[in-house]
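The next block holds one structure in the form of structure tokens; read it before the comments.
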Amino acid sequence: MSNDIFEKCTKFTAVRDLQTAGIYPYFKRVETVQGPVVKIDGKEKIVLCSNNYLGLADHPKVIEGAVLAAKQYGTSCTGSRFVNGTNDLHEKVERKFAKFVGKESAILFTTGHHSNLGALSSLVGKGEFVITDKLDHASIIDGCRLSFGGEMLRFRHNDMGDLERQLIKVQSKGTSALIVIDGIFSMEGDIAKFPEISALAKKYGARVYVDEAHSLGVLGKNGKGTGEYFNMEPEVDVLMATASKSLASIGGFIASRSEVITYIKHTARSLIFTASLPPACVGAIDVALDILQDEPERRAKLWENTNKMKEGFQSLGFDTRTSESPIIPITVGEDMKAFQMCAMLFEEGIFASPIVSPAVPEGQAIIRTSYMATHTDEHLEMILDKFEKVAKQLGIIPGGSIRKKMAKSSYNIKNRRWNFSFSDNNKFAAATKRWLKNLWFTK
Ligand SMILES: Cc1ncc(COP(=O)(O)O)c(C=O)c1O
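Count the sequence shown with the working numbering and you get residues 3 to 445, in order.
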């Protein structure tokens, strides 16, 4: 054991290896607004890895909302919500959000991550249990770990038998539990089995907390999320949502009964011990919430794009796993293949992101694609063409595709800019795995 705390940094080679190989996919420098197309290194790329589902991040009215709020309230609240950092705009937006999702009250945190940290650590106390789906988002895991004396149990993804087994364990201890699920799961793009989860929660006297980060604005007739999608809105005991996706800003909401919100407001450390959301971000949320409700055609277009892409990928022979939403994972296989595929797609003008183990099971790395209402048919056609071209090069889909248009094209491997071969696989894979395992610590 070294006595220099920095030794681990010296030994951290994963990033260097990936950069040397030319397949490092992270921290790309975007030079434009976050629309369906961005510029990186002066070149246009179609974006396939954002959560700008309704395409509001560059909407003139949302930008104007941010500017007006900054002019009226300044650039920062310079303190916590608890002390000097609450203004009337925060409270207006909280009331608007609570009304929209049909809850008595809501509280706005500085990020979605902070919401999960604060609400979960506050609600799950000593001797109590939180039961999470194994594919729940990292911020949920972090929130559970921050609970003082609460215990975490986990059930296999969307597996109701396993959930019931965990509930029976809690019952045998004679204490209470909170079940926490994502509405739409952020990597696989499938939807929680909410009706069954709710029925089990009732049977065992547990409460249900739904993270609607990816479902707000997306699921349900009015975009209210999972509860509305299943016509079971009152059954969602605590609704969490981020403002960083469909609402094109940043921030996180927790909505529930008034007494629950009052409790969280006065006990959540990630609310009390951090500065409040800046006015510009709140102003953007205020306008985005109106547009979300006033322009349902955006949600309709998002689903049209989603359906087109799912069918398109499947007709090309890609495995889209269990996706039921605008998040469509494309199975690639080995981790390093996913890194390489993203590098190749990038060269072809597509900005996509690899998701490798342990975020997904070993050998089942994916490219997580996600869609916006503002992707045009031309963008979508180009995405399918480029995926087909690159995937054939990598042997992910067989040749002889039915997309005749592409039959002639071939990827010029000689001109590639990366310096990678599959013989490097083990070396890169081992270092990368160590890094990501520590980052995700989900297994
Ligand atoms: C399911 C889920 N919950 C919570 C968060 C955290 O939200 P934010 O990025 O607003 O902090 C994310 C972010 O990606 C998410 O996907």
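For glycine and all other residues, C-beta sits at the position ideal for the given N, C-alpha and C.
If you draw a straight line from the alpha carbon of residue i to that of residue j, how long is it in whole angstroms?
i      : j      : result
Gly76  : Pro281 : 7 Å
Asn160 : Thr134 : 10 Å
Gln341 : Ala367 : Residue identity differs from the one stated: residue 341 is Phe in this sequence, not Gln. The alpha-carbon atoms of Phe341 and Ala367 are separated by roughly 9 Å.
Val49  : Ala354 : 7 Å
Lys73  : Ile293 : 22 Å
Asn233 : Tyr373 : 25 Å
Asp321 : Thr333 : 6 Å
Ile256 : Asp90  : 18 Å
Glu380 : Ile65  : 26 Å
Leu438 : Arg31  : 21 Å
Ile329 : Met3   : 43 Å
Lys406 : Val39  : Residue placement at Lys406 cannot be trusted, given a pLDDT of 44 that sits under 50; the coordinates are not used to answer.
Gly335 : Ile193 : 23 Å
Gly185 : His216 : 7 Å
Ile109 : Leu119 : 14 Å
Lys388 : Met311 : 13 Å
Do residue i and residue j have their CB atoms nearer than 7 Å?
i      : j      : result
Ser123 : Ser149 : yes
Ile357 : Met189 : yes
Tyr55  : Ser248 : yes
Ala68  : Ala286 : yes
Lys136 : Arg156 : yes
Leu180 : Tyr206 : no
Ala433 : Asp6   : no
Ser325 : Gly145 : no
Ala375 : Ala250 : no
Leu241 : Glu214 : yes
Pro331 : Arg370 : yes
Thr113 : Ile252 : yes
Ser117 : Gly254 : yes
Ala270 : Gly87  : no
Label residue i either buried or exposed according to how many other C-beta atoms from any shown protein chain fall within 10 Å of its C-beta, with 16 as the threshold for buried.
i      : result
Asn307 : buried
Gly152 : buried
Val238 : buried
Cys11  : exposed
Gln168 : buried
His61  : buried
Ala302 : exposed
Tyr28  : exposed
Let me see if you follow: with CB-CB separation under 7 Å, is residue i close to chain E or not?
i      : result
Ile143 : Included in the structure is just one protein chain, with no chain E present.
Using a threshold of 6 Å, is the CB atom of residue i nearer than that to any non-hydrogen atom of ligand 1?
i      : result
Ala215 : yes
Gly163 : no
Ser278 : no
Thr244 : yes
Ser251 : no
Gly114 : yes
His139 : yes
With residue i as the anchor, note down where its alpha helix (DSSP H) starts and where it stops.
i      : result
Thr264 : 260-269
Leu318 : From DSSP, Leu318 is part of no alpha helix (DSSP H); its letter is neither H nor E.
Asp292 : 281-296
Phe102 : 90-103
Ile181 : Unbroken run through Ile181 is the beta strand (DSSP E), 179-184; no alpha helix (DSSP H).
Could you give the residue range of the beta strand (DSSP E) that holds residue i?
i      : result
Ile48  : 45-49
Glu153 : 153-157
Lys41  : 39-42
Leu110 : 107-111
Check whether the Cβ of residue i lies closer than 6 Å to any heavy atom of ligand 2, and answer yes or no.
i      : result
Asp288 : By its list of ligands, the structure shown excludes ligand 2, since it contains just ligand 1.
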